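Everything below concerns the one structure shown next.
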Amino acid sequence: MVKWDKLIADCRLGLEDRSVQEADDIRSTFQRDYDRIIFSSPFRRLQDKTQVFPLPGSIFVHNRLTHSLEVASVGRSLGNLVTAAIKTNQDPKLQSIVSEIGAIVSAACLAHDLGNPPFGHSGESAIADFFKRGSGLKYQSEVTELQWTDLTCFEGNANAFRVLSHQFSGKRNGGFALTYSTLASIVKYPYESSLAGGKPKFGFFQSEKEIFRKIATLLEMVKISDSPLHYMRHPLVYLVEAADDICYQIMDVEDAHKLKILTYSETEALFLNFFHPSADRQQLDNIEGNLELVSDSNERIAYLRAMVIGKLTKECAAIFISQIDTFSHAEKIAPLFNSLPEPSNSAMVQIKSVSLNKIYNDQAVIEIEIAGYKILGTLLEAFITAVVEPNDFLSRKLLTLIPSQYKNTDESMYGKIQTVVDFVSGMTDLFALNLYRKITGMELPGIA
């Protein structure tokens with residue numbers, strides 16, 4: 002049985018000795034997590050961070066902020082569906098606890114991309130490659146083996162946990178001071194980088210290792226090993242992951258249609274594949290009837306997208322509910338998206354194939370990935386050189402550009418490098434581009 006009374010805990014990181022609920026606050030503790038995230042500066046900066054396609058000119062496509070808001074919406078629905086299914090089976094004392102699942106999942110979804118650098122997933126690769134194959138390779142002997150793995154496998158998910166939990170200079174202890182349950186629900190890979198197999202799939206840096214251990218211990222998450230540190234996932238991670246999968250897979254297709262990478266016929270067929278001609282006949286008739294009422298192609302695709310997301314949300318919630326008794330003892334449980342029933346499973350296989358071959362290899366996507374590599378590599382080299390050799394003339398000038406909040410009190414090489422990685426990964430696309438132009442002399446302030 003899942004120990005919801007342990008896994009759902011409202012104590013806040015950094016505020017463990019204080020009351021978590023104000024008497025006159027109409028919001029639950031977990032709803033306040035959501036509000037803390039949505040009003041934060043790191044969240045606002047997501048509006049100028051690439052999701053997949055270059056940020057919009059005349060056509061609006063998704064950025065990290067709109068993606069996160071949509072994931073949070075789907076996550077809330079998933080959580081509420083799960084709550085409705087399991088609430089009646091709980092002891093009356095636990096019913097109010099499980100009723101918070103939707104709020105926790107929604108808050109975790111909102112925060113899941115806070116650690117992603119500019120320029121989409123290529124930004125993660127650019128940071129990792131700077132240390133693995135670029136100029137950063139020279140620092141390998143000056144950090145521990147585990148710290149080096151953190152850098153060469155840079156992970157946006159682990160960085161999100163750092164953004165939310167680390168006490169940056171001048172900030173309060175506990176970072177965002179979120180609840181333990183919301184923080185645990187963000188960590189897709191609850192183990193350190195040495196277990197990632199050289200891939201960007203781990204949940205926390207060495208600098209936040211003990212924070213995660215503290216959270217997992219209080220929530221009584223199942224520990225698989227202590228060295229290297231490895232826990233089973235918090236069950237709600239599966240819902241956060243499913244909400245993310247649903248949104249990015251489906252919304253990328255809609256964006257591709259808007260950008261004319263996919264034709265209307267191609268996009269319509271990809272979405273209608275989710276409905277079986279016989280089993281879903283009545284629903285298909287309703288869909289076709291509603292499509293006849295709308296002539297705008299973008300609006301028709303938006304309607305189909307909404308129908309597909311609704312169907313996938315119900316299916317993923319049902320899969321979670323069917324597996325709920327395994328979360329307390331099964332070490333490896335497949336993501337919910339891997340267990341979709343037909344025809345959804347085959348429809349998703351088709352979408353992934355089209356996305357790989359046509360969407361993610363579109364010229365505009367490739368161009369921004371290449372630009373991101375160059376820009377981030379240059380910024381990392383300049384600023385890491387500055388923190389390592391702070392007395393040089395150029396270094397002194399560059400160091401004035403790093404905001405005080407990123408100044409790390411850890412004077413080790415790992416701490417110095419983290420100062421720059423924190424600064425660079427927190428940049429928006431436009432800020433990174435402008436700073437790159439200025440420090441390379443391509444653009445001078447005040448000169449058109």
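Counting the sequence shown from 1 gives a position; my numbering is that position plus 1. No residue lacks a Cβ here, since even glycine has one placed at the ideal position from N, Cα and C. Since the structure is predicted, the reported quantities are computational estimates derived from the model, not experimental observations.
query, result
"Residues bridged to Lys-224 [DSSP beta-bridge criterion]", "Tyr-232"
"Chain-order list of residues whose beta-carbon lies under 6 Å from that of Leu-66 (same chain, five-residue window excluded)", "Leu-47 and Gln-48"
"Outcome for Arg-13 when other beta-carbon atoms lying within 10 angstroms are tallied against a minimum of 16", "buried"
"Interface flag, Asp-246 vs chain C, CB-CB below 9 Å", "Among the chains of the structure shown, chain C does not appear; only one protein chain is present."
"Spatial neighbours of Val-309 in its chain, beta-carbon cut-off 7 Å, leaving aside the 5 residues before and after", "Ile-251, Phe-272 and Phe-275"
"Reduced DSSP secondary structure (H/G/I, E/B, other) of Tyr-190", "coil"
"Residue of Leu-147, Leu-179, Glu-125 and Pro-201 minimising C-alpha distance to Ser-195", "Leu-147"
"Buried versus exposed, by CB contacts within 10 Å (16 or more), Lys-315", "exposed"
"Close beta carbons around Pro-391, own chain, < 8 Å, minus the five adjacent residues each side", "Arg-397 and Leu-400"
"Cβ neighbour criterion (16 or more within 10 Å) applied to Gln-283", "exposed"
"Selection from Asp-363, Gln-207 and Arg-234 that minimises the alpha carbon distance to Thr-218", "Arg-234"
"Contact set for Leu-115: own chain, Cβ-Cβ below 6 Å, skip 5 residues either direction", "Pro-43, Ala-161 and Val-164"
"Contact set for Thr-84: own chain, Cβ-Cβ below 7 Å, skip 5 residues either direction", "Val-99, Ser-100, Ile-102 and Gly-103"
"Straight-line gap, Val-62 to Met-222 (C-alpha atoms, nearest Å)", "38 Å"
"Member of Arg-301, Gly-157, Asp-6 and Asp-18 whose CA lies at the smallest distance from the CA of Ser-97", "Asp-6"
"In chain order, each alpha helix (DSSP H) run of at least 4 residues that lies wholly inside the segment 411 to 437", "414 to 426"
"Test item: CB-CB of Pro-201 and Tyr-232 under 9 Å", "no"
"Cut-off 7 Å between Cβ atoms - residues of its own chain near Asn-174, not counting five sequence neighbours on either side", "Gly-15 and Gln-168"
"Identity of the residue in Asp-36, Gly-124 and Ile-9 nearest Gln-52 by Cα", "Gly-124"
"Three-state secondary structure (DSSP) of Thr-441", "coil"
"Inter-residue Cα distance where the pair is Ile-440 and Leu-138", "22 Å"
"Proximity winner among Lys-224, Ser-166 and Asp-326, relative to Arg-37 (alpha-carbon distances)", "Ser-166"
"Sequence-distant residues of its chain with Cβ nearer than 6 Å to Ser-182 (five each side left out)", "Ile-9, Ala-10 and Ile-105"
"Simplified DSSP assignment, three categories, for Arg-28", "coil"
"Any alpha helix (DSSP H) of 4 or more consecutive residues that is wholly inside the segment 99 to 140", "102 to 112 and 122 to 133"
"Anticipated Cβ contact below 8 Å, Lys-359 with Leu-263, distance rounded", "7 Å"
"Cβ contact check for the segment 205 to 220 and the segment 126 to 134: 3 or more pairs under 8 Å", "no"
"Cα-Cα separation, Asp-227 to Gln-207", "14 Å"
"CB of Arg-306 within 9 Å of CB of Glu-382, strictly", "no"
"Span separating the alpha-carbon of Asp-18 from that of Gly-171", "21 Å"
"Outcome for Tyr-374 when other beta-carbon atoms lying within 10 angstroms are tallied against a minimum of 16", "buried"
"Under the three-state DSSP convention, the category Asn-362 falls into", "coil"
"8 Å CB neighbourhood of Ser-59 in its chain, flanking five on each side removed", "Confidence at Ser-59 is low in this model, with a pLDDT of 49, below 50, so the placement of that residue should be treated as unreliable; the coordinate-derived value is given next. None."
"Where Thr-145 sits in the DSSP three-state scheme", "coil"
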